[in-house]
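The structure under discussion appears below in the form of structure tokens.
Numbering (this note's numbering), first residue to last: 1 to 126.
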């Protein structure tokens with residue numbers, strides 16, 4: 001096996017990633033993408049709230065796909081404040097075996113609640 005390049009934390013991450021099963025790797029990648037997106041979002045200058053762009057929920061959607069779908073639907077939201085709750089829901093599914101459907105329902109409620117909070121910042125618009 002080749003030697004892993006990078007900092008110690010990068011090497012630890014790669015070793016951990018390699019030790020995971022395929023489904024767990026997908027979950028880790030989706031969560032890493034979620035974390036990366038929260039810092040990459042640059043707010044657009046605007047005078048009022050932006051509206052969600054809903055996408056239909058597939059009948060056999062995975063939790064990872066739901067997070068991606070909801071992140072696109074609610075692109076205006078800062079994902080930082082949702083990180084702990086999103087992480088807890090992902091863990092409940094992956095580590096505790098909670099059904100994807102239930103977790104996705106809770107994710108949808110989480111994003112909707114944060115959108116309501118976002119809209120509340122624009123009282124004259126609504």
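Built from N, CA and C at the ideal position, the CB exists for glycine as well.
Leaving out five residues on either side along the sequence, give the residues of the same chain with a beta carbon under 7 Å from the beta carbon of residue 67. Position 67 of the chain shown, counting from 1, holds the residue named residue 67. Contacts found: 30, 34, 86 and 107.
Where does the unbroken alpha helix (DSSP H) through residue 86 begin, and where does it stop? Start at 1 with the first residue of the chain shown, and residue 86 comes out as number 86. Element bounds for residue 86: 83-94.
Where does residue 55 fall in DSSP's three states? Taking the first residue of the chain shown as 1, we reach residue 55 at position 55. In the structure shown, residue 55 falls within a coil segment according to DSSP collapsed to helix, strand and coil.
Mapping the DSSP letters down to three states, classify residue 27 as helix, strand or coil. Here residue 27 refers to the residue found at position 27 when the chain shown is read from its first residue. Three-state DSSP puts residue 27 in a helix.
By Cβ distance below 6 Å, which residues in the same chain neighbour residue 32 in space, the five residues on each side in sequence not counted? Within the chain shown, the letter at position 32 stands for residue 32. No residues qualify anywhere along the chain.
Own chain, CB closer than 6 Å to residue 94, minus 5 neighbours either side, in chain order: Within the chain shown, numbered from 1, the residue matching residue 94 stands at position 94. Once the five neighbours on either side are set aside, the close Cβ partners of residue 94 are 27.
Taking the alpha helix (DSSP H) that residue 78 belongs to, which residues open and close that run? In the chain shown, counting from the first residue as 1, residue 78 sits at position 78. Taken as a continuous stretch (DSSP letters only), residue 78 belongs to no alpha helix (DSSP H), as it is neither H nor E.
Helix, strand or coil for residue 43? Go by DSSP, reduced to three states. Residue mapping note: residue 43 aligns to position 43 of the chain shown, counting from 1. Confidence is the limiting factor: at residue 43 the pLDDT is only 49, short of 50, which leaves the residue's position unreliable and the question unanswerable from this model.
If you check the beta carbons only, do residue 79 and residue 91 fall under 8 Å apart? Sequence index remark: in the chain shown, residue 79 carries index 79 (1-based). Sequence index remark: in the chain shown, residue 91 carries index 91 (1-based). With respect to residue 91, residue 79 sits apart: the two C-beta atoms are not nearer than 8 Å.
Among residues of its own chain, excluding the 5 on either side of residue 76, which ones have a beta-carbon nearer than 7 Å to its beta-carbon? Within the chain shown, numbered from 1, the residue matching residue 76 stands at position 76. Taken in chain order, the residues that qualify are 50 and 118.
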